[in-house]
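Order-wise, the sequence lines are chains A and B. Going by numbering that gives the first Met the number 0, the first residue of the first sequence is number 0, and it counts up by one from there. Going by numbering that gives the first Met the number 0, the first residue of the second sequence is number 0, and it counts up by one from there. Idealized CB from N, CA, C, for every residue including glycine. This report refers to the structure that appears directly beneath it.
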Amino acid sequence: MIEEDVLCPFCGCLCDDLKVEVEEGRIVGVKRACRLGMSKFMGHERIVAPMVRRDGVLVETSYEEAYERAAEILKAAKRPLLYGWCSTVCETAKKGILLAEEVGGVIDSTATVCHGPSIIGIEEKGLAGSTLGQVKNRADLIVFWGANPAEAHPRHTLRYSSNSTGMFTPEGRGGRKVIVVDVRKTRTAKNADKFVLIRPGTDYEVIAALRMIVKGKGDLLPDAVAGIAKSDLEEVADMMKAAKFGAVLIGLGLTHSRGRYKNVDGALSLVADLNGFTKFVVLAMRGHYNVAGFGQVCAWETGYPMAVDLSRGAPYFNPGETAACDLLARREADAMMVVAADPASNFPRKTVEAMAEIPVIQVDPYPNPTTFIADVVIPTAVCGIEAEGTAYRMDGLSLRMKKVVDSVYPTDEEVVENILDRVRRLGDDN
Amino acid sequence: MIIEGGIVYDPINGVLGEEMDLSIEDGRVVEKAGGSEVIDARGMLVMPGGVDAHAHIAGGKVNTGRIMRPEDGRRGTEPRTKLLRPSTGYTVPNCYAIGYRYARLGYTTAFEAATPILEARHTHEELEEIPIIDKGALTLFGNNWEVLECVRDGDLGKLAAFVAWGLLASRGYGVKVVNPGGGEAWGFGGNVKGIDDPVPSFDVTPREIIRYLMRANEALRLPHSVHLHTNNLGKPGNYETTLETLRAVEDIAASRNRQVLHVTHMQFSAYGGTGWRDFESKAPEIAGYFNRHDQFTMDMGQLIFGSATTMTADAPLEYGNARLLKAKWSNHDIELEESSGVVPIVYGRKNPINAIQWAIGLELALLTEDSWQMIMTTDHPNGGPFVNYPEVVALLMSRRKREEELATLHDLASKRTSLPSIEREMDWNEVAIVTRAGPARILGLPEKGHLGVGADGDVSIYEINPEKVDPSRDHEVVKAALARAKYTIKAGEVVVRDGEVVAVPQGSTYWVDASVPEADAARVRADLVEKFAKYYSIQMSNYMVQDAYVTRPRVVRAGVI
Numbered sequence: 000m001i002e003e004d005v006l007c008p009f010c011g012c013l014c015d016d017l018k019v020e021v022e023e024g025r026i027v028g029v030k031r032a033c034r035l036g037m038s039k040f041m042g043h044e045r046i047v048a049p050m051v052r053r054d055g056v057l058v059e060t061s062y063e064e065a066y067e068r069a070a071e072i073l074k075a076a077k078r079p080l081l082y083g084w085c086s087t088v089c090e091t092a093k094k095g096i097l098l099a100e101e102v103g104g105v106i107d108s109t110a111t112v113c114h115g116p117s118i119i120g121i122e123e124k125g126l127a128g129s130t131l132g133q134v135k136n137r138a139d140l141i142v143f144w145g146a147n148p149a150e151a152h153p154r155h156t157l158r159y160s161s162n163s164t165g166m167f168t169p170e171g172r173g174g175r176k177v178i179v180v181d182v183r184k185t186r187t188a189k190n191a192d193k194f195v196l197i198r199p200g201t202d203y204e205v206i207a208a209l210r211m212i213v214k215g216k217g218d219l220l221p222d223a224v225a226g227i228a229k230s231d232l233e234e235v236a237d238m239m240k241a242a243k244f245g246a247v248l249i250g251l252g253l254t255h256s257r258g259r260y261k262n263v264d265g266a267l268s269l270v271a272d273l274n275g276f277t278k279f280v281v282l283a284m285r286g287h288y289n290v291a292g293f294g295q296v297c298a299w300e301t302g303y304p305m306a307v308d309l310s311r312g313a314p315y316f317n318p319g320e321t322a323a324c325d326l327l328a329r330r331e332a333d334a335m336m337v338v339a340a341d342p343a344s345n346f347p348r349k350t351v352e353a354m355a356e357i358p359v360i361q362v363d364p365y366p367n368p369t370t371f372i373a374d375v376v377i378p379t380a381v382c383g384i385e386a387e388g389t390a391y392r393m394d395g396l397s398l399r400m401k402k403v404v405d406s407v408y409p410t411d412e413e414v415v416e417n418i419l420d421r422v423r424r425l426g427d428d429n
Numbered sequence: 000m001i002i003e004g005g006i007v008y009d010p011i012n013g014v015l016g017e018e019m020d021l022s023i024e025d026g027r028v029v030e031k032a033g034g035s036e037v038i039d040a041r042g043m044l045v046m047p048g049g050v051d052a053h054a055h056i057a058g059g060k061v062n063t064g065r066i067m068r069p070e071d072g073r074r075g076t077e078p079r080t081k082l083l084r085p086s087t088g089y090t091v092p093n094c095y096a097i098g099y100r101y102a103r104l105g106y107t108t109a110f111e112a113a114t115p116i117l118e119a120r121h122t123h124e125e126l127e128e129i130p131i132i133d134k135g136a137l138t139l140f141g142n143n144w145e146v147l148e149c150v151r152d153g154d155l156g157k158l159a160a161f162v163a164w165g166l167l168a169s170r171g172y173g174v175k176v177v178n179p180g181g182g183e184a185w186g187f188g189g190n191v192k193g194i195d196d197p198v199p200s201f202d203v204t205p206r207e208i209i210r211y212l213m214r215a216n217e218a219l220r221l222p223h224s225v226h227l228h229t230n231n232l233g234k235p236g237n238y239e240t241t242l243e244t245l246r247a248v249e250d251i252a253a254s255r256n257r258q259v260l261h262v263t264h265m266q267f268s269a270y271g272g273t274g275w276r277d278f279e280s281k282a283p284e285i286a287g288y289f290n291r292h293d294q295f296t297m298d299m300g301q302l303i304f305g306s307a308t309t310m311t312a313d314a315p316l317e318y319g320n321a322r323l324l325k326a327k328w329s330n331h332d333i334e335l336e337e338s339s340g341v342v343p344i345v346y347g348r349k350n351p352i353n354a355i356q357w358a359i360g361l362e363l364a365l366l367t368e369d370s371w372q373m374i375m376t377t378d379h380p381n382g383g384p385f386v387n388y389p390e391v392v393a394l395l396m397s398r399r400k401r402e403e404e405l406a407t408l409h410d411l412a413s414k415r416t417s418l419p420s421i422e423r424e425m426d427w428n429e430v431a432i433v434t435r436a437g438p439a440r441i442l443g444l445p446e447k448g449h450l451g452v453g454a455d456g457d458v459s460i461y462e463i464n465p466e467k468v469d470p471s472r473d474h475e476v477v478k479a480a481l482a483r484a485k486y487t488i489k490a491g492e493v494v495v496r497d498g499e500v501v502a503v504p505q506g507s508t509y510w511v512d513a514s515v516p517e518a519d520a521a522r523v524r525a526d527l528v529e530k531f532a533k534y535y536s537i538q539m540s541n542y543m544v545q546d547a548y549v550t551r552p553r554v555v556r557a558g559v560i
């Protein structure tokens, strides 16, 4: 049996056109997926059973005991941190936020080590964006800044950006210009009409120089900015102003180099400036398939998209103080629940060391380095393959993910709900 | 439940301040209820639950407002309780705050004013999370490619079929049209300048879009009329565009016993002047036109001084706002369908433009003679947040309050508007019309906005005695009483007591299922198959809002067959 129009639970592209071949309840083939999506559908090592750590060793246990232990840990903690939520559906996030309210915890998503600085940039300047289909149908100039979709979002260029075709872009790549700005010549850069190689950590200077040129103040610039010839920057600015519809697609190169949210602020400001001359939009190349969704749910439930401290009963948001890494770096969190993420691989070393010293609950279909420091491990069904639910594409478009095969595992949502239920039985003390 | 001895205002049933008992059973008003629950409303004002026909309360742009405005989130913070989730925000409250605050005001129904079909799933996710009130969403059609093509081809049958399909796909309630043609032009950074300015690439004009959508709306006999945000909204001199638009549709007849067109947040469309320097009110001209044409209705879009968040599908307007105010700016174009924008603003009493805008909203409401043509709104949160409705009602009821306010404003509010000379003060019957009975009738909700047998058991009771309090003099008493309902009853359940939320039931969501001839539906499907294959960035099968997102639907049937 072929399941049509299946959504891919891998990256922020959230491709929704996959054909998944199912035989006797098992996936035997996937068409149209990229290699990243393919690997997820075809499956790899799973956590077999719930585990708890006894005498330093993870041993298999029942779901019942795992839920009890998780609830006890969260209940006993003074400053529990509930983190992750990027590779699960919005329905899980809703339950997670309620759990964080009930245990008086801090809830944060993987955006904190990803596009969190973009969100802070948006708080400063707003985001002049669009859906990806608008880029597909109209954009005659695409700028990838610190983004490498050829590796990280393999179908992005064909479905949505440089190589896509649409109403006003019938020639696809042939009718478009592509500019890539990066610190090395990536595979994406090889497809560019103009590649600007910048030194790591100079994004802010380069963007500021471009803004000056765009606004007619280029004569104040020196002959080179951050090692790039002024003539190169003038060429880029001319290409931008000559476009009918330009799209700047920003990646982690911008958010996680020196300047961080200020880099993003600069990029957003550049796009706002360019709208004085022509049409321009900017989009963040979000990583995990539903990291955007957590931000949406968290915003409509708490008022804030990430890093929300619920310890005082009312949401309090102050990234730098209330983000996951902040709490761990200060050794403030005294328990951590990790849902659908792998902070042990991605967090700064000092914060992972802090994680190793506190009880950690992991909820995930797959084992990963976080498993090694977890005290309770609860395996779940894979959202988008074994469980349905809502996810938000990188451009903020909400889509419903499908279930294509059954699973012996509970869903993430069920697991969080079960823990919440045990927490409530232990008594609500806030 | 029996509500005893209240002083009831129920304009739809001709009840004008009579002391009477009300009975509610199984969520509805009945002749006589059993049971022992009695609410003592003696000496109190009793009205049907409030109905907000136009507010931005759910969906992509509301959440964009929250995300880009953490500084707003910090205003209005209330911690969780055993019963309630936490509240945040003033102009862009979180979902829980929206439900709780409406209920505290005695409002039991609110409609989200603008949802693109493609992003309707998100709107419903938020509507589902708003507690207590009933709700619905109006669906955007004015810049949709399929609409523009049907208009270009003069194919009314196909257009009606597409409107029906769009309402189904979005689980939407009515046809919203925002700056028709301008949203498409904004796809390449342009706009349309008037109702006869052609839309780039599509060879149609805003006039044709409005006329065709109105005709399709009436062919489908939808419960609500077309709900229009005019072209040139927010610009000096735009009252001419507004009047031109109305004159262009005078020949179209309503298919049901209601208005044929609702023009929304009229305050933003009633401006004179050639620029900001000679900016002035043209509210008397607009109201005068409405007084001669009873087939049209409007809502105020009243401005409230202080912080607001402007959010609209009129994206070029928002870009203009951002440039003018040097404010942070979000924009969101939606492929094949719409554009939109969000910009924070602070309205100042000493700012001459804002002061005139404030006066215009009140002029419109007071100069429009028939209250059934007028709804009290602030276009939440564009003119200001809905929590300020008691302030607006107090202004409508008290000339003295208006004079006190005018004295604190830039003097152009008095010189460039007719407000100082307006003597009218609304009475409680008129207030009940513009806040409940009128919006319910205009939306086409026969079970809302009144307290006759069979109506929904939605009642608001305020601790103010209309026979003893003179609203003209004691406007502060009016405002205080309306801000904290003594009781709000939703579907026969007390949800607010003494201004505090005491129960959190889940309301339902209205949407319209309109039938069309299969031949027209098939032609629409063929077009859409092509559009999804070539232009949309998702598959057609993943487009429509699934039932999982509307868990308590209240489906209204309409259509041509």
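Q: Spatial neighbours of VAL21/A within its chain, please: CB distance less than 8 Å, with the 5 preceding and 5 following residues excluded, ordered by chain position.
A: Counting from 1 along the first sequence, the entry for residue 21/A is found at position 22. Once the five neighbours on either side are set aside, the close Cβ partners of VAL21/A are MET0, ILE1, GLU2, VAL27, VAL403 and VAL404.
Q) Could you give the distance in angstroms between the alpha-carbon of LYS234/B and the alpha-carbon of ALA269/B? A) Counted from its first residue, the second sequence places residue 234/B at position 235. Counted from its first residue, the second sequence places residue 269/B at position 270. A straight line joining the alpha-carbon of LYS234/B with that of ALA269/B spans about 9 Å.
Q: Use the C-beta contact count for GLU422/B: other C-beta atoms within 10 angstroms, 16 or more gives buried, fewer gives exposed.
A: For the purposes of this step, residue 422/B is taken as residue 423 along the second sequence, with counting starting at 1. So GLU422/B counts as exposed.
**Q.** Exposed unless 16 or more other CB atoms sit within 10 angstroms - verdict on MET41/A
**A.** If you number the first sequence from 1, residue 41/A lands on position 42. It is exposed - the Cβ of MET41/A has fewer than 16 other Cβ atoms within 10 Å.
Q) With a Cβ-Cβ cutoff of 7 Å, do ALA225/A and VAL205/A count as a contact? A) In the first sequence, residue 225/A corresponds to position 226, counting from 1. In the first sequence, residue 205/A corresponds to position 206, counting from 1. Cβ distance < 7 Å, so ALA225/A and VAL205/A count as in contact.
Q. If you draw a straight line from the alpha carbon of SER280/B to that of ASP298/B, how long is it in whole angstroms?
A. The sequence position of residue 280/B within the second sequence is 281, counting from 1. The sequence position of residue 298/B within the second sequence is 299, counting from 1. Answer to the nearest angstrom: the Cα atoms are 16 Å apart.
Q: Could you tell me the distance, in whole angstroms, from the CA atom of ARG68/B to the CA atom of VAL351/A?
A: For the purposes of this step, residue 68/B is identified with residue 69 of the second sequence, where counting begins at 1. For the purposes of this step, residue 351/A is identified with residue 352 of the first sequence, where counting begins at 1. In a straight line, the C-alpha of ARG68/B is about 32 Å away from that of VAL351/A.
Q) Within the 7 Å Cβ cut-off, does HIS121/B reach chain A? A) As a working mapping, residue 121/B is identified with position 122 in the second sequence. Interface residue, yes.
Q.
Going by the DSSP bridge assignment, what does GLN295/A pair with across the sheet?
A. Translated into the one-based positions of the first sequence, residue 295/A becomes position 296. Partner(s): none; GLN295/A has no beta bridge.
Q: Could you list which residues in chain B have their beta carbon closer than 7 Å to that of PHE316/A, in chain order?
A: Indexing the first sequence from 1 puts residue 316/A at position 317. The contacting residues are PRO69 and GLY72.
(Q) Residues of chain A with CB closer than 7 Å to the CB of HIS331/B, please, in chain order. (A) Against the second sequence, residue 331/B aligns to sequence position 332. Here the neighbours are GLY128 and SER129.
**Q.** Burial state of ASN431/A (16 or more Cβ within 10 Å)
**A.** What the structure shows of chain A is the stretch from 0 to 429, and residue 431/A is not part of that stretch, so it cannot be assessed.
(Q) If you reduce the DSSP assignment to three classes, tell me which class VAL162/B lands in. (A) Here residue 162/B corresponds to residue number 163 of the second sequence, with the count starting at 1. It is helical.
Q) Taking the C-alpha atoms as reference points, what is the distance between LEU405/B and GLU148/B? A) Numbered from 1 along the second sequence, position 406 holds the residue referred to as residue 405/B. Numbered from 1 along the second sequence, position 149 holds the residue referred to as residue 148/B. In a straight line, the C-alpha of LEU405/B is about 49 Å away from that of GLU148/B.
Q.
For ARG556/B and LEU166/B, I'd like the C-alpha separation in whole angstroms.
A. Here residue 556/B refers to the residue found at position 557 when the second sequence is read from its first residue. Here residue 166/B refers to the residue found at position 167 when the second sequence is read from its first residue. One C-alpha to the other measures close to 11 Å.
Q) What does a CB cutoff of less than 7 Å around ASP16/A pick up in its chain, not counting 5 residues either side in sequence? A) In the first sequence, counting from the first residue as 1, residue 16/A sits at position 17. Same-chain partners within the cutoff: ASP4 and ARG31.
**Q.** Interface residues of chain B facing SER397/A [CB-CB closer than 8 Å]
**A.** In the first sequence, counting from the first residue as 1, residue 397/A sits at position 398. Those within 8 Å of SER397/A in chain B are GLU118, ARG120, HIS121 and GLU124.
Q) How many whole angstroms separate the CB atoms of VAL341/B and LEU324/B, which I take to be in contact at a CB cut-off of 8 Å? A) If you number the second sequence from 1, residue 341/B lands on position 342. If you number the second sequence from 1, residue 324/B lands on position 325. No, VAL341/B and LEU324/B are not in contact; Cβ-Cβ is about 13 Å, not under 8 Å.
**Q.** Test: TRP84/A CB closer than 7 Å to a CB of chain B
**A.** Taking the first residue of the first sequence as 1, we reach residue 84/A at position 85. False, the Cβ-Cβ gap to chain B never drops below 7 Å.
Q: Spell out whether any CB of chain A is found under 7 Å from the CB atom of GLY58/B.
A: Along the second sequence, read from residue 1 onward, the residue named residue 58/B stands at position 59. Taking Cβ atoms only, chain A never reaches closer than 7 Å to GLY58/B, which makes this a no.
Q) Since TRP642/B and TYR172/B are thought to touch, with beta carbons under 8 Å apart, how far apart are those beta carbons, to the nearest angstrom? A) Only positions 0 to 560 of chain B appear in this structure, which leaves residue 642/B out of reach.
(Q) In the DSSP output, which residue or residues are listed as bridge partners for CYS382/A? (A) Reading the first sequence from its first residue, position 383 is the one you call residue 382/A. Partner residues in the beta bridge of CYS382/A, as assigned by DSSP, are ALA386/A.
**Q.** Buried or exposed (CB count within 10 angstroms, at least 16 for buried), ILE11/B
**A.** The sequence position of residue 11/B within the second sequence is 12, counting from 1. Its Cβ being crowded by 16 or more others within 10 Å, ILE11/B is buried.
**Q.** Secondary structure of MET445/A, DSSP reduced to three states
**A.** Nothing can be reported for residue 445/A: it is not among the residues displayed for chain A, which extend from 0 to 429.
Q) Are the C-beta of PRO516/B and some C-beta of chain A separated by less than 7 Å? A) Position 517 of the second sequence holds residue 516/B. No, PRO516/B lies away from the interface with chain A (no Cβ there is under 7 Å from its Cβ).
**Q.** Cutoff 7 Å; reference VAL495/B; Cβ partners in own chain excluding five residues on either side
**A.** Taking the first residue of the second sequence as position 1, residue 495/B is located at position 496. For VAL495/B, the CB contacts under 7 Å within the same chain, skipping 5 residues up- and downstream, are ALA102, ARG103, ALA484, TYR486, THR487 and VAL501 in chain order.
Q. Quick one, are the C-beta atoms of ILE116/B and ILE56/B less than 7 Å apart?
A. Looking up residue 116/B in the second sequence gives position 117. Looking up residue 56/B in the second sequence gives position 57. Not closer than 7 Å, so no.
Q) Is DSSP giving GLU422/B helix, strand or coil here? A) Here residue 422/B refers to the residue found at position 423 of the second sequence. DSSP places GLU422/B in coil when its eight states are reduced to three.
Q. Looking only at its own chain, which residues have a Cβ that is under 7 Å from the Cβ of TYR203/A, when we skip the five neighbours before and after it?
A. Residue mapping note: residue 203/A aligns to position 204 of the first sequence, counting from 1. Within the same chain, TYR203/A has close Cβ partners GLY258, LYS261, ASN262 and GLY265.
Q) How about LEU361/B and LEU394/B: are their beta carbons less than 7 Å apart? A) Position 362 of the second sequence, counted from the start, is the residue given in the question as residue 361/B. Position 395 of the second sequence, counted from the start, is the residue given in the question as residue 394/B. With contacts defined as CB atoms closer than 7 Å, LEU361/B and LEU394/B qualify as a contacting pair.
Q) Can you round the beta-carbon distance between LEU248/A and SER160/A to whole angstroms, since I take them to be within the 8 Å contact cut? A) Counting from 1 along the first sequence, the entry for residue 248/A is found at position 249. Counting from 1 along the first sequence, the entry for residue 160/A is found at position 161. The pair is a contact, with the Cβ atoms about 7 Å apart (cut-off 8 Å).
Q | Residue from MET265/B, ASN190/B, ASP519/B and PRO465/B whose Cα sits closest to the Cα of LEU481/B | A | Locating residue 481/B in the second sequence gives position 482, where the first residue counts as 1. The candidate whose alpha carbon is nearest that of LEU481/B is PRO465/B.
Q) Within the chosen definition, does the stretch 122-131 of chain B reach the stretch 429-448 of chain B through at least 3 CB pairs nearer than 8 Å? A) no
Q) Contact between the stretch 300-310 of chain A and the stretch 38-54 of chain A: three or more CB pairs below 8 Å? A) no
Q) When we look at the beta-carbon of ASN429/A and count the other beta-carbons within 10 Å, is it buried (16 or more) or exposed? A) Stepping through the first sequence from its first residue, residue 429/A is reached at position 430. Confidence is the limiting factor: at ASN429/A the pLDDT is only 47, short of 50, which leaves the residue's position unreliable, though a coordinate-based value still follows. By the neighbour-count criterion, in which a residue is buried when 16 or more other Cβ atoms sit within 10 angstroms of its Cβ, ASN429/A is exposed.
Q: Work out the CA separation of ILE141/A and ALA151/A for me, nearest whole Å.
A: Here the question's residue 151/A lines up with position 152 in the first sequence. Here the question's residue 141/A lines up with position 142 in the first sequence. For ALA151/A and ILE141/A, the distance between alpha carbons rounds to 17 Å.
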